[in-house]
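Protein chains in written order, with the working numbering: chain A, 44 to 367; chain B, -10 to 332.
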Amino acid sequence: MTAEPLIDTDITPRTDGTDERRGRFARLLDSDIMASFLASKLTVLAGFVTFAFLIIALFAPLIAPFNPFDPAQVFLIDARDPPIWMAGSDPRFLLGTDDQGRDMLSALFYGLRVSLLIGGLGVLLSALIGVTLGLIAGYAGGRIDALIMRIADIQLTFPAILIALLVDGVVHALLKSGGREDTAFGVMVLSIGLSFWVQYARTVRGSTLVERNKDYVHAARLIGLRSPQILWRHVLPNVLGPVLVIATINLALAVITEATLSFLGVGLPPTQPSLGTLIRIGNAYLFSGEWWIVAFPGITLAVLVIAVNMLGDWLRDALNPRLR
Amino acid sequence: MSEARTLVEVEGLRRTFDVSRPWLTRMLAREPQRFLKAVDGVSFDIKAGETFAIVGESGSGKSTVARMVVGLLEATAGKVTIDRFEIRAGADSVEARRVRRRIQMIFQDPFASLNPRWRVGDIIAEPIIAFGMPKPAGGRDDAPSPEATRRRVGELLGLVGLDPVDARKYPHQFSGGQRQRIAIARALAAGPDFIACDEPTSALDVSVQAQILNLMRDLQEQLGLTFLFISHNLSVVRHMATRVGVMYLGKLVEIGNAAELFARPRHPYTRMLLDSVPDLSMVGKDRTPVAGEIPSPIDPPKGCAFHPRCKFAVDICRIDVPPLIDGVACHLAQDGRLPDLSS
Ligand SMILES: Nc1ncnc2c1ncn2[C@@H]1O[C@H](COP(=O)(O)OP(=O)(O)OP(=O)(O)O)[C@@H](O)[C@H]1O
Ligand code: SF4
Ligand SMILES: [Mg+2]
Chain A
44 MTAEPLIDTD
54 ITPRTDGTDE
64 RRGRFARLLD
74 SDIMASFLAS
84 KLTVLAGFVT
94 FAFLIIALFA
104 PLIAPFNPFD
114 PAQVFLIDAR
124 DPPIWMAGSD
134 PRFLLGTDDQ
144 GRDMLSALFY
154 GLRVSLLIGG
164 LGVLLSALIG
174 VTLGLIAGYA
184 GGRIDALIMR
194 IADIQLTFPA
204 ILIALLVDGV
214 VHALLKSGGR
224 EDTAFGVMVL
234 SIGLSFWVQY
244 ARTVRGSTLV
254 ERNKDYVHAA
264 RLIGLRSPQI
274 LWRHVLPNVL
284 GPVLVIATIN
294 LALAVITEAT
304 LSFLGVGLPP
314 TQPSLGTLIR
324 IGNAYLFSGE
334 WWIVAFPGIT
344 LAVLVIAVNM
354 LGDWLRDALN
364 PRLR
Chain B
-10 MSEARTLVEV
0 EGLRRTFDVS
10 RPWLTRMLAR
20 EPQRFLKAVD
30 GVSFDIKAGE
40 TFAIVGESGS
50 GKSTVARMVV
60 GLLEATAGKV
70 TIDRFEIRAG
80 ADSVEARRVR
90 RRIQMIFQDP
100 FASLNPRWRV
110 GDIIAEPIIA
120 FGMPKPAGGR
130 DDAPSPEATR
140 RRVGELLGLV
150 GLDPVDARKY
160 PHQFSGGQRQ
170 RIAIARALAA
180 GPDFIACDEP
190 TSALDVSVQA
200 QILNLMRDLQ
210 EQLGLTFLFI
220 SHNLSVVRHM
230 ATRVGVMYLG
240 KLVEIGNAAE
250 LFARPRHPYT
260 RMLLDSVPDL
270 SMVGKDRTPV
280 AGEIPSPIDP
290 PKGCAFHPRC
300 KFAVDICRID
310 VPPLIDGVAC
320 HLAQDGRLPD
330 LSS
């Protein structure tokens, strides 16, 4: 008897092979996954929003009306202009300007870019660390497994902010350079990567424990493949499904973490603002009436996080046949 | 067939598993370590071109023997040789690699033995890429070209009764029987001469079992293969085996030519197994279900492990372990004191 995997990660549509000739895309449109995607209007909306945000982030320099970081385009005289539908607004600035006279809309585009880039790279790094350690722990077993999983337990007791402070401190001690601005980006990615790997490691370890006892792994050992080859070629493709789900959900978490750190001043400097930095800047003007400086980055962050999260939830449900 | 050379030799094979509870729990409960003797002193040899079958109930240690024979599992004691070269789990010398290409295994569950994420063509090509193209002389040659590999994969698919275009599909697009054919094609890819088959048909529908068995026999004849054939199904064994070993609780209790063993079983356990199969019994005889259950190998009965279920058991059976002499491990059979078991 073979144990049914908890999460069915088989995205390949089940066909009888007659439509082998049709394109991958056509088959994807036909599959259960696609059907469940289209069945929920909210998921479609979340997918659309996420996609739009990704496009904006990717092409920010092309579509933003201004480059808010080019001193030649920023004038203090424009500072704190309200959005165009309010009295005293400037038609050039759709969503108003911030305290330095930067166009809010452009700052948002660029902030989204920074936030998603840090979130994405952080998620990538944590997945890389977590998947590697999970594969090794699950496949090697014994002491190596115990060691890695204890490190994971310890890791969980450190909140991301502590890790960020730690990494920040270590990087500065090593580089001895004064400017936080050059290293802030790397420090953020590293902190997020080091904060979120545990979930990947645990999940992948669990799946690896199941996979390593399957006969296809034995068959690979029989022809003399070494453990790294078996892990890379055989086990990894079979444990990646849940990783995709965790990565999607963690992207939202990573963006929030980055925003939190930036809000608290441990993250990105105002010269290179992320959504979190923008919120921190805007926070100071909340009670003096310039609500838009904080509201727009805040709303953007919330919408982004909710959309990505919904997408992740849907992906998890769609890949888990028991919930269908 | 009788003067064929011995290809595989298994000598005093033994395997214990540590089944103790975790150290801390054990210390707190003041429990000793517990070991399970899955295989306990098994010896046999397999002649080139024959099918040596091992039968026995679930848990008797058949799979453990097979896994040690092919080098997937380390033996606690004893050794396995193929053409006099010792097979060791994890050995990695040039010589070990050369031997490894001669050994293959077909597993019970064809849904687990094929990587679900790989295309069938890649699954079958993997041993070719690992070992090179098979040559009559054996030994590794240059890395085969993708074109040659593809051609060979197509050939192999044809050999097992599938279509060469199936190479592009994934395992889930096939039925159980077809998947087992794919597994056979993969096993043959690097040109082995010895294949261990662990219950190769017991996961399949009865209707396709015979097809797969016949395919295996045809291939054996065509390619001169030697099989170690594991099964708990006596009709299947009768269909396939040249010689048979009967296992009970980690030990061989009877070993002999298939025809002879089926016609004149000498061990009471073999008799019991034969009685439990309806279509093997002689005319007019009813099928008797197997009596009792196989005891736990962690704490096997003293003396002859079969004695709690044996209707012939006498005092000595509860004290002394009967050695395997002249193909049977039973005190009474060795003394000629058993009634004729053949009817
Ligand atoms: N890795 C292991 N750890 C502990 N015990 C094991 C292990 N592998 C096998 N065993 C035990 O060894 C004994 C023999 O197992 P084995 O799988 O060889 O039996 P089998 O004859 O193949 O039975 P089946 O017909 O069920 O496949 C069983 O009692 C089993 O529980
Ligand atoms: S040794 Fe005794 S108990 Fe064992 S099979 Fe023979 S007669 Fe039965
Ligand atoms: Mg078995």
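A virtual CB, placed ideally from N, CA and C, is assigned to each residue, including glycine.
*asked:* residue 226 of chain B and residue 353 of chain B - do their beta-carbons sit closer together than 7 Å?
replied: What is shown of chain B runs -10 to 332, which leaves residue 353 of chain B out entirely.
_I'd like to confirm the pairing. Which residues does DSSP put opposite residue 68 of chain B in its beta bridges?_
In the DSSP secondary-structure assignment, residue 68 of chain B is bridged to B:0.
*Would you mind working out which of B:110, B:164, B:192 sits nearest residue 176 of chain B, comparing C-alpha positions?*
The shortest C-alpha to C-alpha distance from residue 176 of chain B to any of B:110, B:164, B:192 is the one to B:110.
*Helix, strand or coil: which one does DSSP assign to residue 153 of chain A?*
Note: residue 153 of chain A maps to helix in three-state DSSP.
*Going by the beta-carbon positions, is the gap between residue 289 of chain A and residue 243 of chain A smaller than 7 Å?*
Taking 7 Å as the Cβ cut-off, residue 289 of chain A and residue 243 of chain A qualify as a contacting pair.
*Determine the contact status of residue 311 of chain B and residue 318 of chain B, defining contact as a CB-CB distance below 7 Å.*
For residue 311 of chain B and residue 318 of chain B, yes; Cβs fall inside 7 Å.
*Could you tell me the distance, in whole angstroms, from the CA atom of residue 122 of chain B to the CA atom of residue 259 of chain B?*
Here the alpha carbon of residue 122 of chain B sits roughly 43 Å from the alpha carbon of residue 259 of chain B.
*What residues in the segment 318 to 348 of chain A have a beta carbon less than 9 Å from any beta carbon of chain B?*
So the list is empty, because no residue satisfies the distance condition.
*DSSP on residue 264 of chain A, reduced to helix/strand/coil?*
The answer is helix: DSSP assigns residue 264 of chain A an H, G or I state.
*On the premise that residue 49 of chain B lies in contact with residue 223 of chain B, defined as a C-beta separation below 8 Å, what is that separation, rounded to the nearest angstrom?*
Actually they do not touch by this definition, with Cβ atoms about 14 Å apart.
*asked:* Just to confirm my understanding: we take residue 293 of chain A, look at its own chain, exclude 5 residues before and 5 after, and list those with CB closer than 6 Å. What are they?
replied: Same-chain partners within the cutoff: 166, 239.
*Could you tell me which chain A residues have their CB closer than 8 Å to the CB of residue 59 of chain B, listed as they occur along the chain?*
Identification of chain A residues near residue 59 of chain B by a Cβ-Cβ cut-off of 8 Å yields 265, ordered along the chain.
_With a threshold of 8 Å, are at least 3 pairs of Cβ atoms found where one atom belongs to the segment 84 to 96 of chain B and the other to the segment 249 to 265 of chain A?_
Per the Cβ contact rule, the segment 84 to 96 of chain B is in contact with the segment 249 to 265 of chain A (3 or more Cβ pairs under 8 Å).
_Using a Cβ-based criterion (distance less than 6 Å to any ligand heavy atom), does residue 220 of chain B qualify as near ligand 3?_
Incorrect: residue 220 of chain B has no Cβ contact closer than 6 Å to ligand 3.
*Check whether the segment 167 to 175 of chain A touches the segment 230 to 239 of chain A, taking contact to mean three or more Cβ pairs, one atom from each stretch, closer than 8 Å.*
Under the three-pair Cβ rule at 8 Å, the segment 167 to 175 of chain A counts as touching the segment 230 to 239 of chain A.
_Cα-Cα separation, residue 297 of chain B to residue 18 of chain B_ = If I take the Cα positions, the gap works out to 31 Å.
*Of all the CB atoms in chain A, is at least one closer than 7 Å to the CB of residue 229 of chain B?*
For residue 229 of chain B, no CB of chain A lies under 7 Å from its own CB, so it is not counted at the interface with that chain.
*Which same chain residues, not among the five before or five after residue 193 of chain B, have their C-beta less than 7 Å away from its C-beta?*
If you ignore the 5 residues before and after residue 193 of chain B, its C-beta comes within less than 7 Å of the C-beta of 165, 166, 169, 201, all in its own chain and listed in chain order.
*Got a sec, what are the start and stop residues for the beta strand (DSSP E) residue -7 of chain B sits in?*
No beta strand (DSSP E) holds residue -7 of chain B; DSSP gives it neither H nor E.
*Can you round the beta-carbon distance between residue 173 of chain B and residue 204 of chain B to whole angstroms, since I take them to be within the 8 Å contact cut?*
Correct: roughly 7 Å between the Cβ atoms.
*Residues of the segment 96 to 114 of chain B with a CB closer than 9 Å to any CB of chain A: list them in chain order, please.*
For the segment 96 to 114 of chain B, which is checked against every Cβ of chain A, the residues closer than 9 Å are 96, 97, 98, 99, 100, 101, 102, 103, 104, 105, 106, 107, 112.
_Can you give me the C-alpha to C-alpha distance between residue 187 of chain B and residue 16 of chain B, rounded to a whole angstrom?_
Cα to Cα, residue 187 of chain B sits roughly 38 Å from residue 16 of chain B.
_Within 8 Å of chain B by C-beta, residues of the segment 245 to 261 of chain A in sequence order_ = Residues of the segment 245 to 261 of chain A with a Cβ closer than 8 Å to any Cβ of chain B, in chain order: 257, 258, 259, 261.
_residue 198 of chain B, buried or exposed, once every other Cβ within 10 Å from all chains shown has been counted against 16_ = When all chains shown are included, residue 198 of chain B counts as buried.
*asked:* DSSP three-state label for residue 287 of chain B, please.
replied: Of the three classes helix, strand and coil, the one that applies to residue 287 of chain B here is coil, per DSSP.
*What residues from chain B crowd round residue 280 of chain A, counting only those whose CB sits closer than 9 Å?*
Within 9 Å Cβ-Cβ: 104, 105, 106, 107.
*Measuring only between beta-carbons, confirm whether residue 94 of chain B sits less than 7 Å from chain A.*
Residue contact check for residue 94 of chain B against chain A: a CB pair falls below 7 Å.
_chain A within 7 Å of residue 185 of chain B, Cβ atoms only_ = Output row for residue 185 of chain B: interface = no.
*For the candidate residues B:62, B:162, B:90, B:286, whose alpha-carbon lies nearest to that of residue 107 of chain B?*
A check of alpha carbon separations from residue 107 of chain B across B:62, B:162, B:90, B:286 identifies B:162 as the nearest.
*Grab me the residues of residue 246 of chain B's own chain with a C-beta within less than 6 Å of its C-beta, minus the 5 sequence neighbours each way, in chain order.*
Hits under 6 Å: 232.
*asked:* Applying the 10 Å Cβ sphere with the 16-neighbour rule, what's the burial state of residue 104 of chain B?
replied: In the assembly as shown, residue 104 of chain B is a buried residue. Its beta-carbon has 16 or more other beta-carbons within 10 Å.
_Residues of the segment 286 to 304 of chain B in Cβ contact with chain A at a cutoff of 8 Å, in chain order, please._
Taking 8 Å as the cut-off between beta carbons, none of the residues of the segment 286 to 304 of chain B comes near chain A.
*asked:* Any heavy atom of ligand 1 closer than 6 Å to the beta-carbon of residue 25 of chain B?
replied: Yes; taking the cut-off as 6 Å, the Cβ of residue 25 of chain B has a heavy atom of ligand 1 nearer than that.
_Same chain only: Cβ atoms within 6 Å of residue 159 of chain A, ignoring 5 sequence neighbours per side_ = Excluding sequence positions up to five before and after residue 159 of chain A, its CB lies within less than 6 Å of the CB of 100, all in the same chain and listed in chain order.
_DSSP state of residue 122 of chain B mapped onto helix, strand, coil_ = Here DSSP, grouped into helix, strand and coil, assigns residue 122 of chain B to coil.
_Just to confirm, is the Cβ distance from residue 320 of chain A to residue 305 of chain A under 7 Å?_
Taking 7 Å as the Cβ cut-off, residue 320 of chain A and residue 305 of chain A qualify as a contacting pair.
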